[in-house]
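Number of protein chains: 2
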Amino acid sequence: MSEQLDPEMFSACGNVVLPMRTHNKWAFRIMVCLEPGRRRFSELRIPLREITPKVLAESLRAMERDGLVTRTAYPGVPPRVEYELTDLGRSLLGPMRVWCRWAEEHLPDLVAARESYDTAV
Amino acid sequence: MSEQLDPEMFSACGNVVLPMRTHNKWAFRIMVCLEPGRRRFSELRIPLREITPKVLAESLRAMERDGLVTRTAYPGVPPRVEYELTDLGRSLLGPMRVWCRWAEEHLPDLVAARESYDTAV
DNA sequence: CAGGATCCGCTTTGATACTG
DNA sequence: CAGTATCAAAGCGGATCCTG
Chain U
1 MSEQLDPEMF SACGNVVLPM RTHNKWAFRI MVCLEPGRRR FSELRIPLRE ITPKVLAESL
61 RAMERDGLVT RTAYPGVPPR VEYELTDLGR SLLGPMRVWC RWAEEHLPDL VAARESYDTA
121 V
Chain W
1 MSEQLDPEMF SACGNVVLPM RTHNKWAFRI MVCLEPGRRR FSELRIPLRE ITPKVLAESL
61 RAMERDGLVT RTAYPGVPPR VEYELTDLGR SLLGPMRVWC RWAEEHLPDL VAARESYDTA
121 V
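Residue numbers (full-length UniProt numbering), protein chains in the order written: chain U, 1 to 121; chain W, 1 to 121.
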């Protein structure tokens, strides 16, 4: 076995390991939607079916705040707003793909573990 | 620009892309703590300072349910319980490291974006 | 069309105290 | 030691209605 864990292990990194804790439910998918190019608000709503406009707007604003997407509003009627990944946002696509590949590969195991755990109780 | 987004894009994958949505605040750190080897409940509490026993117990049980850790209770007094990563859990360390490397590299950008966004409002 | 405002409820997180 | 019980607070997601 190994020695004691360092008590200061995490003292330097606030939420460093997981900066996108909140607004995650949709952020991943939104980024996937934006990967091929810029999209309008209502275009995003189509694949994200169950999302309400409020939540989509909130998620996009949080992502804009984090510098992951840009929001461009074109004046005029009807209004038009487009969202696009920033360089920072695009740099996240790599790690995301790694994560997704893990999920594709191992999700059945996880689901199976969950089921056997639940039936055992 | 690109064509319309496929409305069925996500219809097949429930929460596939992010299976560990909840219980994430601590799960990442717990996995880091368990990487070198098995640990007892109270050993884990040391680096995870602010965590309450209740939340640690909950997080560990959720991770056990997902097949990421095993829980081994040794009978006797005083009680002793040890937690250890499963193969499935260990398989997640790679993707996690990728994610952490991104965070180390780009978190300053993200924080800066956040600050400039906040002062702009 | 792209959201903002309001209200509501579930879930997650936490502080504190207690127990086999 | 390794948790559980209880209570309280916050976060998160959604329904509905409204507006420039």
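Backbone N, C-alpha and C define an ideal beta-carbon position, used for all residues, glycine too.
Item	Value
Specify whether the stretch 23-41 of chain W and the stretch 79-86 of chain W touch according to this definition: at least 3 beta carbon pairs, one from each stretch, less than 8 Å apart.	yes
Using the beta-carbon count (16 or more within 10 Å), is residue 29/U buried or exposed?	buried
Chain W partners of residue 98/U, CB-CB under 8 Å?	94, 95, 98, 99
What are the partner residues of residue 71/W, as DSSP defines its beta bridges?	83/W
Could you confirm whether any beta carbon from chain W is found closer than 8 Å to the beta carbon of residue 57/U?	no
At what residues does the alpha helix (DSSP H) containing residue 53/U begin and finish?	53-65
Beta-carbon separation of residue 51/U and residue 26/U under 8 Å?	yes
For chain U, is any of its Cβ atoms less than 8 Å away from the one on residue 67/W?	yes
Check for me: the alpha helix (DSSP H) holding residue 95/U runs from which residue to which?	93-120
Report yes if the C-beta distance between residue 56/U and residue 44/U is below 8 Å; otherwise report no.	yes
With a threshold of 8 Å between beta-carbons, can residue 127/W be considered close to chain U, or not?	With chain W running from 1 to 121 in the structure shown, residue 127/W is simply not present.
So, with DSSP's three-state summary, where would you put residue 39/W?	strand
Quick check on residue 114/W - is its C-beta less than 8 Å from some C-beta in chain U?	yes
Around the C-beta of residue 73/U, are 16 or more other C-beta atoms found within 10 angstroms, so that it is buried, or is it exposed?	exposed
Hey, is residue 7/W's beta-carbon within less than 8 Å of any beta-carbon in chain U?	yes
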